[in-house]
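Colleague: Take the sequence shown: its position 144, counting from 1, is numbered 124 in the working numbering, and each next residue is one higher. For glycine and all other residues, C-beta sits at the position ideal for the given N, C-alpha and C.
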Amino acid sequence: MSDTGIVIIGSAAGIIFFIWLGGIITRISGTWHDGKRTIVFKQWGPLVRGLCNIDGGQESYSGFAFFGRVRLERYATGKAYFLAAGFNEQMIAFLKQEALAGFKFKLRDNKLTGTFSGYKFSFGYQPTRILRVTRMVGEPREWRR
């Protein structure tokens, strides 16, 4: 193997180790509380997944943790959940795979502090389709263990 190949492989391994280390340092696995919500997170290095059972459905969270910073997107399932949120039956089919909100947090003293930004969906009809998704202005949020 040439010197260039060794440098490329070594650099790639170093970058992967650095990203993995950032996730290991930022541990958010476990149970968190956001007001009335209880979210259970699992983590594999920097990759984060979470679940929250809610009335009429379930919210899932997906994102990453890296050196004290956590970025997540929230998805939801459950027909009753979407109907209660004001969506009609035709819209629900389009929202099943769409992120409904984004979170940007910093981990400090067993608290996740940051912002929540909901996504606003604009629909067209005949046929029903999503025309535009707009990220709303961020609101402060704090989650506790």
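Taking a contact to mean a Cβ-Cβ separation below 7 angstroms, would you say residue 97 touches residue 121 in this structure?
Modeller: As a position in the sequence shown, residue 97 is number 117, starting the count at 1. As a position in the sequence shown, residue 121 is number 141, starting the count at 1. Not in contact: residue 97 and residue 121 (Cβ atoms no closer than 7 angstroms).
Colleague: Counting Cβ pairs closer than 8 angstroms, one from the stretch 25 to 36 and one from the stretch -8 to 8, do we hit at least three?
Modeller: Taking 8 angstroms as the limit for Cβ pairs, the verdict is that the stretch -8 to 8 does touch the stretch 25 to 36.
Colleague: In terms of residues, what are the limits of the alpha helix (DSSP H) holding residue 64?
Modeller: In the sequence shown, the residue the question calls residue 64 occupies position 84. Residue 64 -> alpha helix (DSSP H) spans 59 to 64.
Colleague: Could you say if the stretch 81 to 96 and the stretch 58 to 67 meet the contact criterion of at least three C-beta pairs nearer than 8 angstroms?
Modeller: Flag = no, the stretch 81 to 96 and the stretch 58 to 67 do not touch.
Colleague: Using the three-state DSSP reduction, which class does residue 15 fall into: helix, strand or coil?
Modeller: What you label residue 15 is simply residue 35 of the sequence shown in a count that begins at 1. Looking at residue 15 - three-state DSSP - the assignment turns out to be coil, as it is neither helix nor strand.
Colleague: Can you list, in chain order, the residues of its chain with a C-beta nearer than 7 angstroms to that of residue 104? Leave out the 5 residues immediately preceding and following it.
Modeller: Numbered from 1 along the sequence shown, position 124 holds the residue referred to as residue 104. Here the set comprises 111.
Colleague: Hey, how far is the Cα of residue 29 from the Cα of residue 20?
Modeller: In the sequence shown, residue 29 corresponds to position 49, counting from 1. In the sequence shown, residue 20 corresponds to position 40, counting from 1. Straight-line Cα distance between these residues: approximately 8 angstroms.
Colleague: Just the C-alpha distance for residue 6 and residue 47, rounded to the nearest angstrom, thanks.
Modeller: Stepping through the sequence shown from its first residue, residue 6 is reached at position 26. Stepping through the sequence shown from its first residue, residue 47 is reached at position 67. Using only the alpha carbons, I get a separation of about 6 angstroms.
Colleague: Pick from 56, 86, 82: whose alpha carbon is nearest that of residue 72?
Modeller: By one-based count along the sequence shown, residue 72 stands at place 92. Among 56, 86, 82, the Cα nearest to that of residue 72 belongs to 56.
Colleague: Can residue 53 and residue 40 be called in contact, C-beta distance under 7 angstroms?
Modeller: Sequence index remark: in the sequence shown, residue 53 carries index 73 (1-based). Sequence index remark: in the sequence shown, residue 40 carries index 60 (1-based). No. Outside cutoff.
Colleague: Decide if residue 75 is buried, meaning its Cβ has at least 16 other Cβ atoms within 10 Å, or exposed.
Modeller: Residue numbering aside, residue 75 sits at position 95 when the sequence shown is read from its first letter. Buried.
Colleague: Between residue 16 and residue 49, how many whole angstroms is the CB-CB distance? I'm expecting something under 8 angstroms.
Modeller: Locating residue 16 in the sequence shown gives position 36, where the first residue counts as 1. Locating residue 49 in the sequence shown gives position 69, where the first residue counts as 1. That pair is no contact at about 26 angstroms.
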